[in-house]
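This report concerns only the one structure given below.
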Amino acid sequence: MSEGAFDVIIIGTGLTESITAVAHLDTNPYYGGDEASLSLDEYVDWVTKQNQNSFSSISALNAYRQYSITLCPSVIPATGPLISSLVASGVSRYGGFRLIEQIGVYSENKVKPVPASKEDIFKDKSISLLEKRRLMRFLVFASGDFEGKPEMEGKEDIPFIEFLKTGPFALNAEMAETITYALSFCILPSGASTTSKHQTGPALHRLRRYLRSAGRYGPSPFLIGHYGSSGEIAQGFCRTAAVSGGVYILGKPIASITRNADSEDSTYTVKLEDFPEPITCDLIISSASRLPAGVAEAEMNLLSASIARCICIIDKPLSFAPPKQSTSDQVVEPAGEGENETPSPSAPALDTGVLVFPPSSLPNGSDSAAGTMSVPKGKCTFTIPGVQDPERLLKPYLDATLSLSLSSSSSSAATPVDPLFTSFYIQSPSSSSSAPSPSAIPNMQELGRRSCGGCREVFWKGVEVLKSRKGRKASEEAVSGEGMKEGEFGVEINIESFWPSIGSDVDEDGDDD
3 MSEGAFDVII IGTGLTESIT AVAHLDTNPY YGGDEASLSL DEYVDWVTKQ
53 NQNSFSSISA LNAYRQYSIT LCPSVIPATG PLISSLVASG VSRYGGFRLI
103 EQIGVYSENK VKPVPASKED IFKDKSISLL EKRRLMRFLV FASGDFEGKP
153 EMEGKEDIPF IEFLKTGPFA LNAEMAETIT YALSFCILPS GASTTSKHQT
203 GPALHRLRRY LRSAGRYGPS PFLIGHYGSS GEIAQGFCRT AAVSGGVYIL
253 GKPIASITRN ADSEDSTYTV KLEDFPEPIT CDLIISSASR LPAGVAEAEM
303 NLLSASIARC ICIIDKPLSF APPKQSTSDQ VVEPAGEGEN ETPSPSAPAL
353 DTGVLVFPPS SLPNGSDSAA GTMSVPKGKC TFTIPGVQDP ERLLKPYLDA
403 TLSLSLSSSS SSAATPVDPL FTSFYIQSPS SSSSAPSPSA IPNMQELGRR
453 SCGGCREVFW KGVEVLKSRK GRKASEEAVS GEGMKEGEFG VEINIESFWP
503 SIGSDVDEDG DDD
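In this note's numbering, each residue's number is its place in the sequence shown (first place is 1) plus 2.
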């Protein structure tokens, strides 16, 4: 095989593409695609190129390279296909991870922390003893093998929140809302959608993944990767593939893709701008939106999906718990000149968290600080996903989130912090009706699972195509007597596992429901 000939070319270095790798092309000068993690100046350049200039000046900020802003915020369930893939592939060696500290539900101008364990439930004085018993009975049911149980008879397709309120567990409205939106991550109110995502069966499967993840690495069911999570993870898969012989070409736009239909093996030729030689391959893996205009219009139909996002940088942390009142014997020392203000120890600052806005309140957002290695010390970023005019849509949620910022001021009048930087934009992730990746945009806790499922399907489909092509070509050569060793007939491609052996046992107990 010549240097420019490959079995497979993959266009894009997003999370799904990076897990499935042979030769990688990306017109961007960075890894990650729609899930990339960018420095602050890179992010401003990216937003500008999207013709979405709704962002404030960054002149008040410095240390641009210390920021790692993810274009697609996500969390990693402690059990499941993504965490298993990170271990099985060895990619986990390339990055660091930490637990999400807290999940909160916004309601009536305050945040109610979501209990992370049975102990938290029993300690919660806002839950009556009767409600605690009902809740524990439901959680035992949801964490087990509930399929086929009497409680599920005829109820798999009803709205999940209705199942919680009127079903055999009869939870109160506040408890049902917390479970529906903060634990099962439904995104629409009861009756607003007929899609399976909000039905009881799928919602219970998501809840079971949540419950089985809690306690594996600590009290939280979710982890977040350092330096932007999904973007850094995608880059880790690319590094691993490169070590194993994968080829990467970044920052070179695709000039043309032609199918050599006249040749016996019907290969593809890809020409890149400012690249000396064309590249050939048997198979191209790409979403339709990454291909040059007109290349696959007859074969692939683009599906439109958009999400509104907001990136905000502040210089004070957030807290999901209200600060305790200072007693008369407490002394508040003013910060010295040039020092960052620190929050009162009585009001715990949040380093990593997920804040859920139920539909009737004010969609879900996330927050990260220096502990995630994504921002300089003393700074925080949070992202708010949500479509329409992004600023008009998301500004109320931004204001509500900013009201949770902590201040070391001794003044009793709490005032929201002024953002150092804000950006609002519409993101349209790449998708295709011909690709196995889902058309709908997954919630942040589902991104990794859906990407892993998509890449596995792409991988095995690719193997089938290559088996067919290689076997046919070998048979033709055997019949003609060309290129075959004496006594050899045909070619067998024997691939038994998605991941190659890395010399250690891998925990594959993730729930792939």
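Where is the CB? At the ideal position from N, CA and C, for every residue including glycine.
Is valine 460 buried or exposed, if buried means 16 or more other CB atoms sit within 10 Å of its CB? Valine 460 should be labelled buried.
Beta-bridge pairing of glycine 106 - partner residues as DSSP gives them: According to DSSP, glycine 106 shares a beta bridge with Pro115 and Leu357.
Own chain, CB closer than 7 angstroms to alanine 144, minus 5 neighbours either side, in chain order: Leu206, Leu209, Arg210 and Leu213
How is aspartate 310 classed by DSSP in three states: helix, strand or coil? One detail in the question is off: residue 310 reads as alanine in this sequence, not aspartate. If DSSP states are grouped into helix, strand and coil, alanine 310 belongs with the strands.
In terms of alpha-carbon separation, which member of Lys463, Cys454 and Ser470 lies closest to glutamate 19? Cys454
Spatial neighbours of histidine 200 within its chain, please: CB distance less than 7 angstroms, with the 5 preceding and 5 following residues excluded, ordered by chain position. Counting only residues of its own chain and dropping the five nearest sequence neighbours on each side, histidine 200 has a CB closer than 7 angstroms to the CB of Pro161, Phe162, Cys188 and Leu190.
Among Gly146, Thr72 and Ser58, whose alpha-carbon lies nearest the alpha-carbon of threonine 383? Thr72
Could you give the distance in angstroms between the alpha-carbon of alanine 402 and the alpha-carbon of tyrosine 108? Rounded to the nearest angstrom, the two C-alpha atoms are 9 angstroms apart.
Roughly how many angstroms separate the alpha carbons of serine 407 and lysine 397, rounded to a whole number? 16 angstroms
Report yes or no: do three or more beta-carbon pairs, one from the stretch 59–69 and one from the stretch 95–112, lie closer than 8 angstroms? No: the two stretches stay apart, fewer than three of their Cβ pairs being nearer than 8 angstroms.
Residues near tyrosine 96 in its chain [Cβ-Cβ closer than 6 angstroms; skip 5 each side]: For tyrosine 96, same chain residues with a beta-carbon under 6 angstroms away, outside a window of 5 residues either side, are Gly238 and Arg241 in chain order.
Run the CB neighbour count on asparagine 445, radius 10 Å, all protein chains shown included, and call it buried at 16 or more, exposed below. buried
Note down the Cα distance separating phenylalanine 124 from serine 246, rounded to an integer number of angstroms. Rounded to whole angstroms, phenylalanine 124 and serine 246 show a C-alpha spacing of 50 angstroms.
Between the alpha carbons of serine 321 and glutamate 393, how many angstroms are there, rounded? Computed Cα separation, rounded: 24 angstroms.
Along the chain, where does the alpha helix (DSSP H) that runs through tyrosine 45 open and close? Bounds of the alpha helix (DSSP H) holding tyrosine 45 are 42–51.
With 16 as the cutoff for other CB atoms within 10 Å, does aspartate 47 come out buried or exposed? exposed
Measuring alpha carbon to alpha carbon, tell me which residue in Asp391, Leu101 and His228 is nearest proline 308. The sequence given here has serine at residue 308, not proline. Among Asp391, Leu101 and His228, the Cα nearest to that of serine 308 belongs to Asp391.
Same chain, Cβ closer than 7 angstroms to proline 221, five either side skipped, listed in chain order: Ala118 and Ser119
On a CA-only basis, which of Ser405, Val10, Tyr45 and Phe426 is nearest phenylalanine 57? Give me that one, please. Phe426
Residue from Ala295, Pro350, Asp122 and Ser289 with nearest C-alpha to proline 2: Here the chain has residues from 3 to 515 only, and residue 2 is not among them.
Do you know offhand how far arginine 135's Cα is from lysine 127's? 13 angstroms
N- and C-terminal bounds of the alpha helix (DSSP H) containing phenylalanine 165: 162–168
So what's isoleucine 85 in DSSP terms, helix, strand or just coil? helix
Could you round the C-beta distance between glutamate 555 and alanine 244 to whole angstroms and report it? I think they count as a contact, below 8 angstroms. Look at the range of the chain in this structure, 3 to 515, and you will see that residue 555 is not part of it.
To the nearest angstrom, how far is it from the Cα of serine 291 to the Cα of glycine 34? 15 angstroms
Assuming tyrosine 229 and serine 376 are in contact, meaning their beta carbons sit under 8 angstroms apart, how far apart are those beta carbons, in whole angstroms? The pair is a contact, with the Cβ atoms about 6 angstroms apart (cut-off 8 angstroms).
Please confirm whether proline 418 and cysteine 314 have their CB atoms less than 8 angstroms apart. no
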